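See below for the structure under consideration.
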Amino acid sequence: MVSVGGDRVAANGDTANKIGAYSLALCAKHHGIPFYVAAPLTSPDLSLSSGKDIVIEERSAKELLNTHGGLGEQVAALGISVWNLAFDVTPANLIAGIITEKVGHLLPTVHNFWGIF
Numbered sequence: 141m142v143s144v145g146g147d148r149v150a151a152n153g154d155t156a157n158k159i160g161a162y163s164l165a166l167c168a169k170h171h172g173i174p175f176y177v178a179a180p181l182t183s184p185d186l187s188l189s190s191g192k193d194i195v196i197e198e199r200s201a202k203e204l205l206n207t208h209g210g211l212g213e214q215v216a217a218l219g220i221s222v223w224n225l226a227f228d229v230t231p232a233n234l235i236a237g238i239i240t241e242k243v244g245h246l247l248p249t250v251h252n253f254w255g256i257f
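Taking the working numbering, the leading residue of the sequence shown gets 141, the next gets one more, and so forth.
Following this line, the structure appears as structure tokens:
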């Protein structure tokens, strides 16, 4: 089993989490390993129909171009540009279930997630 956190869950079950969660979901799917998202009940947002509606935070390019999280000297070559996204979106079809803090809820499909409200 692979599990990651879930910062936002769209109505269709797509989830947003720290960058790299989508890659993990793809690897898990390829190797036949169930992929779960642990999301507090504050994460669902029914106003978001899918992951395409989730606003993804963009971080400073300096975090990647400079040492010490962007506070130190630049180590990347001059003229390099980067797009530093803080989150990515994992499509619902890669998610085996969503785990919540509500006792006993390990949901077999994301479509059942909304039944706990």
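Ideal Cβ positions, reconstructed from N, Cα and C, are used throughout, including at glycine. Keep in mind the model is a prediction, meaning the values are calculated, not measured.
- Excluding sequence positions up to five before and after T207, its CB lies within less than 7 Å of the CB of E213, V215, all in the same chain and listed in chain order.
- Residue burial is scored here from C-beta neighbours: G219 has fewer than 16 other C-beta atoms within 10 angstroms and is therefore classed as exposed.
- According to the DSSP secondary-structure assignment, V144 is paired through a beta bridge with V177.
- Selection C167, G172, Y162, A179 evaluated against D147 yields A179 as nearest (Cα-Cα).
- Judged by DSSP in its simplified three-state form, D193 adopts helix.
- For the options I159, R199, T230, V142, the alpha carbon positioned closest to that of G153 is the one of T230.
- Residue pairing by DSSP places N157 opposite D228 in a beta bridge.
- Around the Cβ of V195, a 10 Å sphere holds fewer than 16 other Cβ atoms; the residue is exposed.
- Burial is judged here by how many other beta carbons sit within 10 angstroms of a residue's own beta carbon; I235 has at least 16 and is buried.
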